[in-house]
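*Asks:*
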Amino acid sequence: MDIYLEDAEPPDRPGPPGHHDWMWELARHYELMRKAYPEDVLCVVFDIDGTILDLRHQVVHVLVSYDREHGTNHFRGLTAEDITVSENHVSKLLEARALPQAARNDILAFYRERLWRPEAILAASRPYRGVLSVIRWFQLQPRTVVALNTGRPERLRDVTLESLNTVGRAYRVYFDPDLLCMNPEAVPTAVPEGKVRALHLLRHKGLRPVAVVDNEPANIEAMAASDDGGEILFLHAETIFESQRVDTPRTVRGSRYELAGLVRPDDLGDRVTFIWHGVNDRANLRQFLASDVHRAELDVREDPLGRLVLRHDSFEETPWTRTEEPLLLVDALRAISDAGRAATLDLKEGGPVVARILDEVRSSGPTGADVGFLGGLDVLGQPDVEAIKRTFPEAPVTVVADPLIMLLARNEDLLDTILQRLARWGVTGLALDWAAPATRRALDPLAERGWDVNLYGIPDLEGFLEAALLQPAAVTADFNFPDLHYYGRGAGQRHRFHRYTLAGSSPP
Ligand SMILES: [Mg+2]
């Protein structure tokens with residue numbers, strides 16, 4: 100039966116122009132298979148080494164351990180970028196480094212003995228950028244599973260699961276032990292045959308494999324030859340591979356796991372609140388109102404004339420000018436309220452000004468949960484939060500929690516004490532900087548405590564999709580995504596320093 104739907108109507112997948120890459124092909128194929136088999140459990144199969152994990156890090160780890168244990172200095176400064184051969188061809192790398200023959204032999208013996216030891220796997224498993232978000236997307240789809248099909252032997256089962264689930268945690272990815280196919284210890288097979296056998300096993304479990312990602316052409320060749328139904332899309336991950344590239348049917352190639360071809364914001368908006376960042380001027384307000392995004396964030400300050408205006412930078416950071424025509428809070432609120440939309444007010448100043456802000460919201464709208472408040476703990480004190488909640492009991496009140504979540508590492512009790520107190524004031528959510536390394540690790544612990552998290556500081560479309568896939572309560576972004584016809588203009592920040600950014604934080 101020829102089930103590959105060559106003639107089928109392509110599904111409605113506009114996708115951004117220029118993104119008809121392998122991930123776009125994968126999404127399109129998955130949709131076709133979903134339509135063809137609405138009730139089946141579809142299975143997307145990933146190889147591990149060279150496909151999910153960038154083994155160069157493991158190679159570096161082992162070579163540097165040689166130096167550490169032998170007091171030698173052969174690999175000082177070695178990084179993953181220096182590894183240009185597959186993990187099985189490290190002798191070539193040693194030849195290129197002009198080491199004496201005796202040293203080379205010794206290093207090679209050490210390397211072979213150590214590369215697949217559990218400690219090397221646990222210490223140096225690093226995923227390729229984007230791949231775990233791609234896996235997360237499939238794991239979120241109904242009646243869809245992700246299986247692993249690896250040439251690693253069965254004896255590495257536990258350490259393989261442990262290391263993959265450790266790196267997966269930051270992406271909310273979990274690998275099911277029942278869906279990990281390995282090379283059997285008792286009757287070891289050549290890797291390509293093992294991969295074919297694993298596909299049969301998955302079908303035997305009642306799953307329908309629809310796509311396979313692997314970095315070795317020889318594996319793809321074997322699996323494609325055995326795919327009688329012709330309904331599997333093969334994705335060749337062009338990382339580092341050993342076997343000759345061969346032409347195989349139904350195969351697409353790519354080297355970067357980019358989400359833009361795969362994930363559409365519409366797929367995620369039901370479960371995550373999108374917030375249009377920095378609606379502080381008329382042009383950005385217009386773009387926001389013309390979009391399908393429900394909620395805008397507004398930066399509220401008092402200007403030197405005592406008016407409540409929308410402005411990102413403080414008047415100290417960026418002095419006002421004679422030509423500056425600020426958007427008044429009251430005007431923005433009225434426009435947003437008239438359009439039936441929602442606003443989150445980012446309070447840049449607390450104290451007496453809060454009462455005036457509440458008055459303006461009361462007279463202009465929005466109301467209920469369509470008005471929300473956000474601020475740093477340097478701005479929002481207990482009286483401010485309580486005043487907000489007295490006036491707008493349904494309003495979400497979010498505090499910037501980057502300085503707090505560092506307590507998760509060593510002072511969890513102290514964090515809990517603070518969070519419980521914030522909850523008593525009426526705080527309902529925590530805002531976290533997407534760029535801070537601690538943020539991803541904090542999502543699960545905060546979700547377990549029942550806190551809504553708002554991720555802010557998203558730099559671009561990839562970051563936005565990646566953040567939304569983690570399904571926090573809200574994601575705040577500039578919505579400057581022209582490919583998707585969003586033309587957000589940003590908060591109008593002129594001063595380099597952002598109040599919420601912690602010193603020393605760097606992109607994940
Ligand atoms: Mg591989």
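Just so you know, we're using the numbering used here here: the sequence shown kicks off at 100 and counts up by one. Ideal Cβ placement from N, Cα and C applies to all residues, glycine included. Being a predicted model, the structure only gives us computed values, none of them experimental.
Going straight from the alpha carbon of D543 to that of R296, what length do you get?
*Replies:* Position 444 of the sequence shown, counted from the start, is the residue given in the question as residue 543. Position 197 of the sequence shown, counted from the start, is the residue given in the question as residue 296. Rounded to whole angstroms, D543 to R296 spans 36 Å at the Cα level.
*Asks:* Under DSSP, the alpha helix (DSSP H) around M48 begins and ends at which residues?
*Replies:* Examination of residue 48 is not possible in this model, given that the chain is present from 100 through 607 alone.
*Asks:* Which of the three DSSP states is assigned to G562 in this structure?
*Replies:* Within the sequence shown, residue 562 is the residue found at index 463, counting from 1. Helix at G562.
*Asks:* Going by DSSP in three states, R296 sits in which element: helix, strand or coil?
*Replies:* To locate residue 296, count along the sequence shown from 1; it is residue 197. R296 falls in the helix class under three-state DSSP.
*Asks:* Thinking F145 and V312 are a contact (beta carbons under 8 Å), I'd like their distance in whole angstroms, please.
*Replies:* The sequence position of residue 145 within the sequence shown is 46, counting from 1. The sequence position of residue 312 within the sequence shown is 213, counting from 1. Contact holds; Cβ gap of about 5 Å.
*Asks:* Given the structure, does N204 come close to ligand 1, in the sense that its CB is under 7 Å from one of the ligand's heavy atoms?
*Replies:* Within the sequence shown, residue 204 is the residue found at index 105, counting from 1. No, ligand 1 has no heavy atom inside 7 Å of this Cβ.
*Asks:* Comparing alpha-carbon positions, which option in R251, I234, Q570 lies nearest L243?
*Replies:* As a first step, residue 243 must be located in the sequence shown, where it is residue number 144. Position check: residue 243 holds Thr in this sequence, whereas Leu was assumed. Per the Cα distances, I234.
*Asks:* Should G149 be listed as close to ligand 1, given that the test is whether its C-beta is under 7 Å from any heavy atom?
*Replies:* Numbered from its first residue, the sequence shown carries residue 149 at position 50. Yes, the beta carbon of G149 sits closer than 7 Å to at least one heavy atom of ligand 1.
*Asks:* Going by beta-carbon coordinates alone, are I435 and P465 separated by less than 8 Å?
*Replies:* In the sequence shown, counting from the first residue as 1, residue 435 sits at position 336. In the sequence shown, counting from the first residue as 1, residue 465 sits at position 366. For I435 and P465, yes; Cβs fall inside 8 Å.
*Asks:* Would L198 and H169 be called neighbours here (beta carbons separated by less than 8 Å)?
*Replies:* Residue numbering aside, residue 198 sits at position 99 when the sequence shown is read from its first letter. Residue numbering aside, residue 169 sits at position 70 when the sequence shown is read from its first letter. Result no, Cβ atoms of L198 and H169 do not sit closer than 8 Å.
*Asks:* Could you say which of G360, E320, S190 lies nearest to D346 if we only look at CA atoms?
*Replies:* Working through the sequence shown from its first residue, we reach residue 346 at position 247. Selected option, being the one with the closest Cα: E320.
*Asks:* Going by DSSP, what residue range makes up the beta strand (DSSP E) through P252?
*Replies:* For the purposes of this step, residue 252 is identified with residue 153 of the sequence shown, where counting begins at 1. Taken as a continuous stretch (DSSP letters only), the beta strand (DSSP E) holding P252 covers 243 to 252.
*Asks:* For F333, which of L298, H303, G305, V429 has the nearest alpha-carbon?
*Replies:* On the sequence shown, residue 333 is found 234 positions in, with the first residue counted as 1. Out of L298, H303, G305, V429, L298 has the C-alpha closest to the C-alpha of F333.
*Asks:* Whole angstroms is fine: what's the gap from D469's alpha carbon to P403's?
*Replies:* The residue labelled residue 469 in the question sits at position 370 within the sequence shown. The residue labelled residue 403 in the question sits at position 304 within the sequence shown. Spanning the two alpha carbons is a distance of roughly 29 Å.
*Asks:* Going by DSSP, what residue range makes up the alpha helix (DSSP H) through I151?
*Replies:* Indexing the sequence shown from 1 puts residue 151 at position 52. No alpha helix (DSSP H) holds I151; DSSP gives it neither H nor E.
*Asks:* Relative to the C-alpha of W123, which residue among D380, R363, E401, F563 is closest?
*Replies:* Position 24 of the sequence shown, counting from 1, holds the residue named residue 123. It is R363 whose Cα lies nearest to the Cα of W123.
*Asks:* Between which residues of its own chain and F340 is the CB-CB distance below 8 Å, once the five residues before and five after are set aside?
*Replies:* Reading the sequence shown from its first residue, position 241 is the one you call residue 340. Here the set comprises G149, S185, N314, E315, P316.
*Asks:* Which residues does DSSP pair with R352 in a beta bridge?
*Replies:* The count along the sequence shown starts at 1 and reaches residue 352 at position 253. H335.
*Asks:* Between which two residues does the beta strand (DSSP E) carrying D398 extend?
*Replies:* Taking the first residue of the sequence shown as position 1, residue 398 is located at position 299. That run of the beta strand (DSSP E) goes 394 to 401.
*Asks:* Since V460 contacts L432 with CB under 8 Å, what's their CB separation in whole angstroms?
*Replies:* Here residue 460 corresponds to residue number 361 of the sequence shown, with the count starting at 1. Here residue 432 corresponds to residue number 333 of the sequence shown, with the count starting at 1. At roughly 6 Å, the Cβ-Cβ gap stays under 8 Å, so V460 and L432 are in contact.
*Asks:* Name the DSSP beta bridge partners of G467, please?
*Replies:* Taking the sequence shown and counting its residues from 1, the one referred to as residue 467 is at position 368. None; G467 has no bridge partner.
*Asks:* Counting only beta-carbon separations shorter than 8 Å, does I374 have a partner in chain D?
*Replies:* The structure shown contains no chain D, having only a single protein chain.
*Asks:* When the Cα of D559 is compared with those of G549, A534, G525, E493, which residue comes out closest?
*Replies:* Within the sequence shown, the letter at position 460 stands for residue 559. Answer by Cα proximity: A534.
*Asks:* Quick check: the Cα distance between F237 and P492, rounded to an integer number of angstroms?
*Replies:* Residue mapping note: residue 237 aligns to position 138 of the sequence shown, counting from 1. Residue mapping note: residue 492 aligns to position 393 of the sequence shown, counting from 1. Going from the Cα of F237 to the Cα of P492 covers about 38 Å.
*Asks:* Under 6 Å Cβ to Cβ from D139, same chain only, skipping five residues before and after it: list those, please.
*Replies:* Residue 139 sits at position 40 when you count from the first residue of the sequence shown. R307.
*Asks:* Alpha carbon to alpha carbon, how far is G439 from V258? Give it in angstroms, no decimals.
*Replies:* In the sequence shown, counting from the first residue as 1, residue 258 sits at position 159. In the sequence shown, counting from the first residue as 1, residue 439 sits at position 340. Cα to Cα, the separation comes out at about 53 Å.
*Asks:* To the nearest angstrom, report how far apart V499 and L278 are at their CA atoms.
*Replies:* By one-based count along the sequence shown, residue 499 stands at place 400. By one-based count along the sequence shown, residue 278 stands at place 179. In a straight line, the C-alpha of V499 is about 39 Å away from that of L278.
*Asks:* Give the straight-line distance between the Cα atoms of A324 and A202, rounded to the nearest whole angstrom.
*Replies:* Your numbering for residue 324 matches position 225 in the sequence shown. Your numbering for residue 202 matches position 103 in the sequence shown. If I take the Cα positions, the gap works out to 44 Å.
*Asks:* Could you give the DSSP three-state label for Y585: helix, strand or coil?
*Replies:* Within the sequence shown, numbered from 1, the residue matching residue 585 stands at position 486. If DSSP states are grouped into helix, strand and coil, Y585 belongs with the strands.
*Asks:* What are the boundary residues of the alpha helix (DSSP H) that T490 is part of?
*Replies:* On the sequence shown, position 391 is the one that residue 490 refers to. 481 to 490 is the span of the alpha helix (DSSP H), which, as asked, contains T490.
*Asks:* Between the C-alpha atoms of E401 and T575, what's the straight-line distance to the nearest angstrom?
*Replies:* The residue you call residue 401 lines up with position 302 of the sequence shown. The residue you call residue 575 lines up with position 476 of the sequence shown. Going by the C-alpha atoms only, they are around 23 Å apart.
*Asks:* Heavy atom of ligand 1 less than 7 Å from the Cβ of N187, yes or no?
*Replies:* For this step, residue 187 is matched to residue 88 along the sequence shown. No, the Cβ of N187 stays beyond 7 Å of every heavy atom of ligand 1.
*Asks:* So, is Y103 buried or exposed, given that buried needs 16 or more other C-beta atoms within 10 angstroms?
*Replies:* Taking the first residue of the sequence shown as 1, we reach residue 103 at position 4. Here the model assigns Y103 a pLDDT of 41, short of 50, so the residue's position is not dependable and the matter cannot be decided.
*Asks:* Compute the Euclidean distance between the alpha carbons of S413 and E180, then round it to the nearest angstrom.
*Replies:* What you label residue 413 is simply residue 314 of the sequence shown in a count that begins at 1. What you label residue 180 is simply residue 81 of the sequence shown in a count that begins at 1. Their backbone Cα atoms lie some 42 Å apart in a straight line.
*Asks:* Using 8 Å as the Cβ pair cut-off and three pairs as the minimum, do the region 415 to 423 and the region 442 to 461 touch?
*Replies:* Result no; under three Cβ-Cβ pairs closer than 8 Å.
*Asks:* For M100, which residues of its own chain have a beta-carbon under 7 Å away from its beta-carbon, when the five flanking residues on both sides are left out?
*Replies:* The sequence position of residue 100 within the sequence shown is 1, counting from 1. A caution first: M100 carries a pLDDT of 34, below 50, which makes its placement in the model unreliable, though a value can still be read off. Answer for M100: G328, listed in chain order.
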